[in-house]
Each structure stands twice: as C-alpha cells, then as structure tokens.
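Read through the structure below, which is laid out as structure tokens, and then see the notes.
Number of protein chains: 2
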Amino acid sequence: MFTLTRKTDYALVALAGLAESGARNPDPISARELSQRYHLPLPILMKVLKELHRAGIIRSQRGVNGGYALADSPADITLGDVLAAIEGPVRLTACCEEEDAHAQAGCDLEARCPITRSVQRFNGRINGIIARVTLADLLGSEVDVPLHAIGLPPRRRSRAALNARA
Amino acid sequence: MFTLTRKTDYALVALAGLAESGARNPDPISARELSQRYHLPLPILMKVLKELHRAGIIRSQRGVNGGYALADSPADITLGDVLAAIEGPVRLTACCEEEDAHAQAGCDLEARCPITRSVQRFNGRINGIIARVTLADLLGSEVDVPLHAIGLPPRRRSRAALNARA
DNA sequence: TTGATATGGGATAACAACAGTCCTATATTA
DNA sequence: TAATATAGGACTGTTGTTATCCCATATCAA
Chain A
431 MFTLTRKTDY ALVALAGLAE SGARNPDPIS ARELSQRYHL PLPILMKVLK
481 ELHRAGIIRS QRGVNGGYAL ADSPADITLG DVLAAIEGPV RLTACCEEED
531 AHAQAGCDLE ARCPITRSVQ RFNGRINGII ARVTLADLLG SEVDVPLHAI
581 GLPPRRRSRA ALNARA
Chain B
431 MFTLTRKTDY ALVALAGLAE SGARNPDPIS ARELSQRYHL PLPILMKVLK
481 ELHRAGIIRS QRGVNGGYAL ADSPADITLG DVLAAIEGPV RLTACCEEED
531 AHAQAGCDLE ARCPITRSVQ RFNGRINGII ARVTLADLLG SEVDVPLHAI
581 GLPPRRRSRA ALNARA
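Same order as they appear, the protein sequences are chains A and B. So the first sequence is residues 431 to 596, counted in this note's numbering. So the second sequence is residues 431 to 596, counted in this note's numbering.
Here it is, written out as structure tokens:
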C-alpha cells in the first residue's frame, strides 16, 4: 500500500513543530511539549526523536529545559532523510540495493527477470523525488512547486473506472 | 521502506511474461508455465493471478490448454492498476482516504496537524505517477521516458553523506 | 550535593500484515 | 470419463510494526 509507518507520521509532525517553533525561538523543545501540542503518544514520540537524533536530523539538549531542535534549516531536511532515519532506505524490491552493497542478494530469478532494470530505474526516480521534497515544502503547503512541472502524459483512467463502465 | 510486497513482484513479472508472449501468440499461458519460466513459486503465483483476474487486468481460460492473457494492451495497464489489485489503494497516511470515502477516519490530531494538506497533495502526486507508468514502460526499459522531463532542482546530498563528511 | 528534569540506549511483548500452504469446487478439452 | 487448469477461500508460520518499560547519563537549580 506504500503507507508510511506511524512512526514516520509522528516524525514528520514533530519535525514540523520543531521547524515552526525554531523559526521564532532558538530554545529546544522537549518531547513532552511536542507530545502535548500535537497529541502524539509520548513514549513512541521519544523513541522517534531518538532515532531522528541518531540520524543527525535534529540536535538534542539534555537536562532541565532541554529538548530538541532542528540540526539544519527546514529547506535542507528532506523527506528522504526522514524516511531513511525511521524506516531505512527506500527500496521497491530486493534487487534495488544500495550502490555500494553487493547487490542482488536473495532473488534467484535475477538472470531471466524481465523487469529488473526498469524497476531499479523507477526506484531511482522515487529516491530522487523524496530527496527533493523538503521539510520546508511540507510546511508551506508548497509541495506543488518542486513537482509541478512534471511533464507527463495525461493520467489514465483507473481500471476500476473502466470496469464500472462495463 | 516503501517496498513492494513479494506478491506485487510476482504480479509484475507474470504480467511482463504475458505481455511478451501475447505479442507473438494469442494462446493463454498457464500458471504452471509462468512459474517454470520465471522460477516463481507456483502456489503464490496462482493466488496472484486470481487476484489480477478479479481486478480485470488479465482474462482467464479454464480447462485443458487454459491459462491467462492480458485483458488489455501493455500500454493500457498501469503500475497503479497492479498495485491497487494486489496491495489495495496507495495511501501515504490515514488522512489520504479515497475522494468518495468519509475521509479522516482514525487520526485524532487532524485539526491541529501541520502537514495534512501537504501529505495529501504529495499522495496525489504519487498516485498520478503510478497511474502513468505502464506495463509497456516496464517492459521496454523506457521508464525514463515518461518521467525524464521532471524539471526538479538538483538532488540534495543525503544526510548520511553529510554526516560521513563530519 | 541533591533532586528534578530530559535525553540515550536497549529489552521486551502484543499485535497486524505478509508469505506461503492446502483443500474443494467448477470449467474445459481429449 | 479422466486429465488439466482456474475460482475461491480457509488456514498457519513468519516478519515487521507498535507500544511499553527499564536503567544510564547529562544538565540545571535549589
């Protein structure tokens, strides 16, 4: 279904909160405060924030009055960064390994597979897109901007629509 | 991770096989033959083919010399059709319900969520893209064609790369 | 120095989705 | 009638997600 995990949801909301707040105030925000502001379950949010910190997306301040703040400008934090931090690298199939890895582990039909090349190329496109959508885009409801000049042929009718007609 | 399920993998390979074969020969191909040709596990492949048939993507012929064939030209079968048939509709989050549905079921932070609109828009973009990538594209290793004029700003360095530098 | 606050790093268990197997019914052909 | 092949669904083991909890460490203020 291509659905984001709930942890990723929480991560995006929390990052949006940090971005909005950080624009006005340099003080870090605690997990508890974020949890209350957006009604996110505290234990899971804490876990998510730890993972974002480990990935270098946010910086932390321990102790009283501590909390988290973005490590970079919202325009420099991408959806790809967040997905990689929470869910791991985006790979459509097992044959879409990272460049450096010893590729093609697991799939034994590789040799005669008619779609490996295309799937790998499409996987690259997806990674290219999520590497360009930034937190600033998500905040500004400007997702259309980085994607609007996409230049594709007209959208096809869905199969469901075709069947409904018959 | 955005990973396709194995059933979707099998579906795409099987459809590619049907497309290639159907271009030369109108006879249907059995599940067993597809299984042998591409080394796909037969029981799961049979299940997948049934689901593709129920979705109207392929047509079937029962009995001796029976099997499956594409219901349409490869240029008219989209990745979106296949994903919807095997994995259900593509939704990034719970707040990306189908247009007709009674939306926003489940997420209780909806009201103050800072990213709902943008995520919904991005979800729409993804559905637009998978509705334009066809089986013919996947077969012809021409996925670049429908996506190449994407006109996006340069790809950003990944966070991992930035951290490695430090 | 002590206590309160907050993050850092796991360990662990409940739950849902996926992957895979199996059985029976139905249709078609030889 | 026998063999082949799809139609439909029940069922189970595995995996990944979701969620909770515990203890260690750092910081600040009284």
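For each residue, glycine too, the CB sits at the ideal point set by N, CA and C. These numbers were taken from a predicted model, which means no experiment stands behind them.
Whole-angstrom distance between residue j and residue i, CA atom to CA atom
| i | j | result |
| --- | --- | --- |
| K480(A) | F552(A) | 32 Å |
| T438(B) | L568(B) | 14 Å |
| A488(A) | G497(B) | Going by the sequence as given, residue 488(A) is Ile instead of Ala. The straight-line gap from Cα to Cα measures roughly 55 Å. |
| L482(A) | L482(B) | 39 Å |
| P458(B) | G518(A) | 41 Å |
| L475(A) | A441(B) | 37 Å |
| P473(B) | S548(B) | 41 Å |
| R542(B) | L464(B) | 51 Å |
| M431(B) | C526(B) | 18 Å |
| Q466(B) | P456(B) | 20 Å |
| A453(A) | A514(A) | 25 Å |
| G570(B) | Y468(B) | 18 Å |
| R484(B) | R484(A) | 45 Å |
| A478(A) | D506(A) | The amino acid at residue 478(A) is misidentified as Ala; the sequence shows Val. Each residue's Cα considered, the two are about 20 Å apart. |
| L470(B) | L470(A) | 43 Å |
Under 9 Å from the C-beta of residue i: neighbouring residues of chain A
| i | result |
| --- | --- |
| Y468(B) | L539, R542, C543 and P544 |
DSSP-derived helix/strand/coil call for residue i
| i | result |
| --- | --- |
| L522(B) | coil |
| S465(B) | helix |
| T546(A) | helix |
| R492(A) | coil |
| A596(B) | Residue confidence is low: A596(B) scores 39 on pLDDT, short of 50, so the model does not pin down where it sits. Its coordinate-derived value is still stated next. Coil. |
| A500(A) | In the sequence on display, residue 500(A) carries Leu and not Ala. Of the three classes helix, strand and coil, the one that applies to L500(A) here is strand, per DSSP. |
| I459(B) | strand |
| T438(B) | helix |
| T433(B) | coil |
Cβ-Cβ separation, residue j to residue i (assumed contact under 8 Å), whole Å
| i | j | result |
| --- | --- | --- |
| I545(B) | V443(A) | 6 Å |
| V520(B) | L445(B) | Rounded, the Cβ-Cβ distance is 18 Å, inconsistent with contact. |
| I560(A) | T523(A) | No, I560(A) and T523(A) are not in contact; Cβ-Cβ is about 17 Å, not under 8 Å. |
| I516(B) | T433(B) | About 13 Å; that fails the 8 Å criterion. |
| N557(B) | G510(B) | 7 Å |
| P504(B) | A566(B) | 4 Å |
Interface residues of chain B facing residue i [CB-CB closer than 8 Å]
| i | result |
| --- | --- |
| I556(A) | F432 |
| L442(A) | I545 and V549 |
| V563(A) | F552 |
| R521(A) | M431, F432 and T433 |
Interface partners of residue i on chain A, CB under 7 Å
| i | result |
| --- | --- |
| R484(B) | Simply none; closest approach about 10 Å. |
Interface partners of residue i on chain B, CB under 9 Å
| i | result |
| --- | --- |
| E463(A) | Going along chain B, no residue has its Cβ under 9 Å from E463(A), so there is no contact; the nearest lies around 14 Å. |
| A566(A) | By Cβ distance, chain B contributes nothing, its closest Cβ being about 10 Å from A566(A), past 9 Å. |
| G447(A) | P544 |
| L569(A) | P544, I545 and S548 |
Contact set between residue i and chain B, taken where Cβ atoms lie within less than 7 Å
| i | result |
| --- | --- |
| G615(A) | Because chain A in this structure spans residues 431 to 596, residue 615(A) falls outside the shown range and cannot be described. |
| E450(A) | P544 |
| D439(A) | T523 |
Residue i Cβ short of 7 Å to the ligand ZN heavy atom set
| i | result |
| --- | --- |
| A514(B) | Absence of the ligand ZN from the depicted structure is noted, as is the absence of any ligand whatsoever, leaving it without description. |
- prompt: Counting Cβ pairs closer than 8 Å, one from the region 477 to 493 of chain B and one from the region 545 to 559 of chain B, do we hit at least three?
  reply: no
message: Taking 8 Å as the cut-off, does the region 446 to 464 of chain A touch the region 498 to 515 of chain A (at least 3 CB pairs, one atom from each stretch)?
response: yes
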